[in-house]
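Trainee:
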Amino acid sequence: MWLFAFAILVLMPMVSRLNWDPRPIILRTWLVLGTLTSFYALIERLLGRNVLFSTIYSAAADPAGTAVQHWSDYRAQASFGHPIYAGMFFAATAVLAYLSFFESNRDRRFLILGLLSSAALICTGTRGAIIGLVAGVAIGLLPKLKRQSGTRIALSLLGLVGTFIAVVSTGGGEKIWQGVTGRFTSQEAAVSAGGRQSVIDLSLKIAEEHSWMGAGVGTSRSVFRHAGSTIPVESGPLQVLVSEGIPGLLLMTLGLLTVGYALWRSGHGIELGLLVTSVICLSGFNGFEDVPTTMTWLGLALLAARSAASGGGGLTPRSTPASPTDVAAQAMKVVGAHGH
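Using the working numbering, the letters of the sequence shown map in sequence onto residues 735 to 1074.
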């Protein structure tokens, strides 16, 4: 998996030098996948079972279902393997959709996708991702508030909230909402919160033992296991603190703040909102070191957001996409240029 993530990071700069713009394609693909996956998560939550993937797991390597985690209140996970991963995807998709809605002269397709993704997010029962959605939309609107009167945007937000409440308060939505609120107030949620506090305490203890300079890049899981912990460092920033110490954490924080400030100054609200949502979501699970491919989808999300902010919402191609043969030929030219 790390090799795949590394290959993507190496190839991504090459893509930017091709003679066609991949961002509209990424955005349209994101919109289609977001819509289909949201529908699937809603159906999964209503049925209380992951029909497709539970069948695949049972028929493959896990007939007893021991590899699939279970909760007292069912949490949708779609095709992501865990509700937290699904929650991050749905939160980012909703932020992309809502902010694109405001940047694209109120294109209703974005609004529909935002509502679908928000409902799917609630089905995952992921508290951090829900906070990330709210914060991402709120902060992502700041650049637009600088340019326009906030009254119209505020009224639009109230309309979004009212529509969403109406959806989740009727029919199947009521069942979903009751299940999710039950998850937030359950004993299981309290145990989870206590576990996260123990992770914070142990992370600070380990960091202090290593003079706040870190135990070594990528070592947070092994260091935690050596300390007797049965759970990983379920926080991206804490992973960085344990592995790279205060210098690494400060460097990462400075980098994120610099990028965020640049996006705010340049008026790129969609990218700013996605960045905020991603950081909040990644702060709630071990994504930095244990799931490195989350960095890949973050990059794709920013490319999609850049397309949505570049006129027309990115829903229509700016030029005829090159054929696969042309793309391959252009890629070979780029490789040849680097070789010389």
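The C-beta atom is built at its ideal place from N, Cα and C for all residues, glycine as well.
Of the choices S954, G962 and R959, whose alpha-carbon is the least far from that of L975?
Mentor: Taking the sequence shown and counting its residues from 1, the one referred to as residue 975 is at position 241. If we check each option's Cα against that of L975, S954 comes out closest.
Trainee: Report the option in E778, G1001 and A941 whose CA atom is closest to the CA atom of A961.
Mentor: Along the sequence shown, one-based indexing puts residue 961 at 227. Measuring C-alpha to C-alpha distances from A961 to each of E778, G1001 and A941 identifies A941 as the nearest.
Trainee: What are the start and end residues of each continuous beta strand (DSSP E) run of 3 or more residues lying completely inside the stretch 941–986, in chain order?
Mentor: Correct list: empty.
Trainee: Looking at the unbroken alpha helix (DSSP H) that takes in T771, where does it start and where does it end?
Mentor: The count along the sequence shown starts at 1 and reaches residue 771 at position 37. Where T771 is concerned, the enclosing alpha helix (DSSP H) stretches over R757 to L781.
Trainee: Return the chain-ordered list of same chain residues with a C-beta closer than 7 angstroms to the C-beta of S1000, the five sequence neighbours on each side being excluded.
Mentor: Indexing the sequence shown from 1 puts residue 1000 at position 266. Once the five neighbours on either side are set aside, S1000 has no close Cβ partner at all.
Trainee: First and last residue of the alpha helix (DSSP H) that includes Y819?
Mentor: Residue numbering aside, residue 819 sits at position 85 when the sequence shown is read from its first letter. Y819 -> alpha helix (DSSP H) spans P817 to E837.
Trainee: What does a CB cutoff of less than 6 angstroms around G1073 pick up in its chain, not counting 5 residues either side in sequence?
Mentor: Along the sequence shown, one-based indexing puts residue 1073 at 339. Note that G1073 has pLDDT 47, beneath the 50 cutoff, so the model's placement of it is unreliable and the number below is only indicative. No residues qualify anywhere along the chain.
Trainee: Alpha carbon to alpha carbon, what distance is there between N784 and L770?
Mentor: Residue 770 sits at position 36 when you count from the first residue of the sequence shown. Residue 784 sits at position 50 when you count from the first residue of the sequence shown. Their Cα atoms are separated by approximately 15 angstroms.
Trainee: When you compare the CB positions of D1024 and P966, do they come within less than 8 angstroms of one another, or not?
Mentor: Against the sequence shown, residue 1024 aligns to sequence position 290. Against the sequence shown, residue 966 aligns to sequence position 232. For D1024 and P966, yes; Cβs fall inside 8 angstroms.
Trainee: Kindly give me the distance between the Cβ atoms of M775 and A820, rounded to whole angstroms, as I take these residues to be in contact under 8 angstroms.
Mentor: For this step, residue 775 is matched to residue 41 along the sequence shown. For this step, residue 820 is matched to residue 86 along the sequence shown. Met is not the amino acid found at residue 775; the sequence shown has Ala there. About 7 angstroms; that satisfies the 8 angstroms criterion.
Trainee: If you reduce the DSSP assignment to three classes, tell me which class S1017 lands in.
Mentor: Position 283 of the sequence shown holds residue 1017. Looking at S1017 - three-state DSSP - the assignment turns out to be coil, as it is neither helix nor strand.
Trainee: Alpha carbon to alpha carbon, how far is A1078 from L867?
Mentor: Here the chain has residues from 735 to 1074 only, and residue 1078 is not among them.
Trainee: Comparing C-alpha positions only, which one of I790, G979 and V933 sits nearest to G1018?
Mentor: Numbered from its first residue, the sequence shown carries residue 1018 at position 284. Answer by Cα proximity: V933.
Trainee: For the candidate residues G994, Y832 and E968, whose alpha-carbon lies nearest to that of F1022?
Mentor: Numbered from 1 along the sequence shown, position 288 holds the residue referred to as residue 1022. Distance from the Cα of F1022 is smallest, within the candidate group G994, Y832 and E968, for E968.
Trainee: Within a Cβ cutoff of 7 angstroms, which residues of the same chain sit near M822, ignoring the five residues on either side of it in sequence?
Mentor: As a working mapping, residue 822 is identified with position 88 in the sequence shown. Within the same chain, M822 has close Cβ partners A863 and C1015.
Trainee: Go to A863, then tell me how far its alpha helix (DSSP H) extends in each direction, as first and last residue.
Mentor: Here residue 863 is taken as the residue at index 129 of the sequence shown, counted from 1. It spans R861 to G874 - the alpha helix (DSSP H) in which A863 sits, taken as one unbroken run.
Trainee: When the Cα of G875 is compared with those of R809, L855, L833 and L845, which residue comes out closest?
Mentor: Translated into positions along the sequence shown, residue 875 becomes position 141. Contrary to the premise, residue 875 reads as Leu rather than Gly in this sequence. Sorting R809, L855, L833 and L845 by C-alpha distance to the C-alpha of L875 places L833 at the top.
Trainee: Given S772, which residues of its chain have a CB within under 8 angstroms of its CB, disregarding the five upstream and five downstream residues?
Mentor: In the sequence shown, the residue the question calls residue 772 occupies position 38. In chain order, F824, T827, L847, L850, S851, A853 and A854 place their CB closer than 8 angstroms to the CB of S772, counting only its own chain and leaving out the 5 sequence neighbours on each side.
Trainee: If you compare alpha carbons, which of G950, T1027 and K880 is closest to H1002?
Mentor: By 1-based counting over the sequence shown, the position of residue 1002 is 268. Taking only the C-alpha atoms, the option nearest H1002 is K880.
Trainee: Is the CB-CB distance between V1013 and L990 below 8 angstroms?
Mentor: Residue 1013 sits at position 279 when you count from the first residue of the sequence shown. Residue 990 sits at position 256 when you count from the first residue of the sequence shown. Cβ atoms of V1013 and L990: closer than 8 angstroms.
Trainee: Going along the chain, which residues of its own chain have a beta-carbon closer than 7 angstroms to the beta-carbon of G982, five neighbours each way excluded?
Mentor: Counting from one through the sequence shown, the residue named residue 982 turns up at place 248. If we look at G982 and ignore the five residues flanking it on each side, its Cβ neighbours are G948 and V974.
Trainee: For Y808, which option in I790, E837, S838 and I777 has the closest C-alpha, if you only look at C-alpha atoms?
Mentor: Along the sequence shown, read from residue 1 onward, the residue named residue 808 stands at position 74. Residue I777 is the option with its Cα nearest to Y808.
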